[in-house]
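Okay, structure first, notes after.
Numbering (the working numbering), first residue to last: 6 to 112.
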């Protein structure tokens with residue numbers, strides 16, 4: 006029974022989005038219901054917390070990949086590209102001003 010509950014939790018998104026405190030609380034409840042010894046219970050809760058951390062990291066990685074792919078699909082300009090273009094515009098504006106100043110001083 007406890008293995009079924011554990012597998013159900015670990016395969017779902019639920020465990021990934023639970024806080025550590027909630028995972029520990031759930032683990033203690035399951036330990037109590039399964040009437041495990043103190044060492045078995047501690048091992049179960051520790052394992053559940055580790056599994057939760059792993060699930061959370063995998064979930065975040067997947068979400069980040071989907072978001073990145075979606076943003077790339079939108080074909081948006083990256084802020085580094087905008088900064089580069091701004092620098093080029095500033096350089097050209099300075100060059101134009103120097104050219105205008107040299108033209109004005111020759112007249």
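Idealized CB from N, CA, C, for every residue including glycine.
Taking Cβ positions, are residue i and residue j nearer each other than 8 Å?
i	j	result
residue 25	residue 50	no
Rounded to whole angstroms, what's the CA-CA distance from residue i to residue j? Just pull it up for me.
i	j	result
residue 6	residue 75	With a pLDDT of only 49 at residue 6, under 50, the local geometry of the prediction cannot be trusted, and the value read off the model is given with reservation. Rounded to the nearest angstrom, the two C-alpha atoms are 40 Å apart.
residue 105	residue 69	49 Å
residue 59	residue 99	53 Å
residue 77	residue 66	16 Å
residue 88	residue 102	21 Å
residue 92	residue 81	19 Å
residue 40	residue 61	28 Å
Report, in whole angstroms, the separation of the C-beta atoms of residue i and residue j, which I expect to be a contact under 8 Å.
i	j	result
residue 57	residue 36	Not confirmed; about 15 Å, so no contact.
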